[in-house]
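Colleague: Residue numbers (this note's numbering): 1287 to 1568.
Next comes the structure, spelled out in structure tokens:
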């Protein structure tokens, strides 16, 4: 892949991670995210229009694997913004019904695109030359009207559908998580089998905050869709600890003159040493 595109995608992911770290309000987060995504897509378009693909395989790879990574983010945040802006005021029952209706909309897209969904999810490639090459559309494939309005120098008949599939996965996860939150509020604290031992965080609080930010940045919870605030509250709950003004603590971590990720570095060194010691004992 073109190194400019690789750098552009990495930079976009970094910017979105930063926005998620620094923004609690859902609508503000979406607005900021959409702004940076649109700028990245504009740059991506300029790179692609100035660069000719060497082979058809290279072009297929870009429109099947690369461009949807940009476009899906735009679809996700734009849809999320609309969902939250249209969310009705009222009790949990009303909001729950609203979120369930949004899930029904996602299922409708899935049902309408079932054939292509199966093709894409199965990793098939036999129709890639029709789906992911520019100006190679087949009218018999029931194309959406948006394709004929799109810039054909930067679009194929199905790259947007791939992006839609990727975005819908995250939207579904978001909606399901919101329903779980409502359900837990209705039922009180979720009943579940509790472990015999209670775990208490006995290291420094700043170390837990460093770990919190590291895990959120890596996107290890809910396919990267989990909000920093939700993760922080979860940590506070399971460890029965008050993280206080953890955002301010993170700013202090960033201004460290020596090792800014002291705790994560220590974890890395400790685990590697444990592996080495285990290897030596074998």
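C-beta: ideal position from N, C-alpha, C; glycine also.
Given the structure is predicted, the values throughout are model-derived calculations rather than measurements.
To the nearest angstrom, report how far apart residue 1453 and residue 1359 are at their CA atoms.
Modeller: Roughly 7 angstroms separates the two Cα atoms.
Colleague: Using only alpha-carbon positions, find the residue among 1368, 1371, 1458, 1419 that is nearest to residue 1396.
Modeller: If we check each option's Cα against that of residue 1396, 1458 comes out closest.
Colleague: Kindly indicate which three-state DSSP category residue 1516 falls into: helix, strand or coil?
Modeller: Note: residue 1516 maps to helix in three-state DSSP.
Colleague: Return the Cβ separation of residue 1393 and residue 1465 in integer angstroms, given the expectation that the two are a contact with Cβ distance under 8 angstroms.
Modeller: Their Cβ separation, rounded to whole angstroms, is 14 angstroms, which puts residue 1393 and residue 1465 out of contact at 8 angstroms.
Colleague: What is the rounded straight-line gap between the Cα of residue 1302 and the Cα of residue 1537?
Modeller: Taking the straight line from one Cα to the other gives about 18 angstroms.
Colleague: The alpha helix (DSSP H) with residue 1308 in it runs from where to where?
Modeller: Run containing residue 1308: 1289 to 1308, per the alpha helix (DSSP H) assignment.
Colleague: Quick one: Cα of residue 1583 to Cα of residue 1413, how far?
Modeller: Residue 1583 cannot be examined here, being either before or after the span of the chain that is shown, 1287 to 1568.
Colleague: Have a look at residue 1371 and residue 1316 and give me their C-alpha separation to the nearest angstrom.
Modeller: So the two alpha carbons sit approximately 11 angstroms from each other.
Colleague: Does the beta-carbon distance from residue 1402 to residue 1447 come in below 8 angstroms?
Modeller: Against a cut-off of 8 angstroms, the Cβ pair of residue 1447 and residue 1402 comes out as a contact.
Colleague: Kindly indicate the opening and closing residues of the alpha helix (DSSP H) around residue 1545.
Modeller: Here residue 1545 belongs to no alpha helix (DSSP H), and DSSP marks it neither H nor E.
Colleague: Among the residues of its own chain, which have a CB less than 8 angstroms from the CB of residue 1472, if the five just before and after it don't count?
Modeller: The answer, listed in chain order, is 1378.
Colleague: Does DSSP classify residue 1335 as helix, strand or coil?
Modeller: Reduced to three states, the DSSP call for residue 1335 is helix.
Colleague: Apart from the five residues just before and just after residue 1476, which ones in its own chain have a Cβ nearer than 7 angstroms to its Cβ?
Modeller: At residue 1476 the pLDDT is 47, less than 50, meaning the model places this residue with poor confidence and gives no usable figure here.
Colleague: Any idea what DSSP makes of residue 1528, helix, strand or coil?
Modeller: In the structure shown, residue 1528 sits in coil (DSSP, three-state: anything other than H, G, I, E or B).
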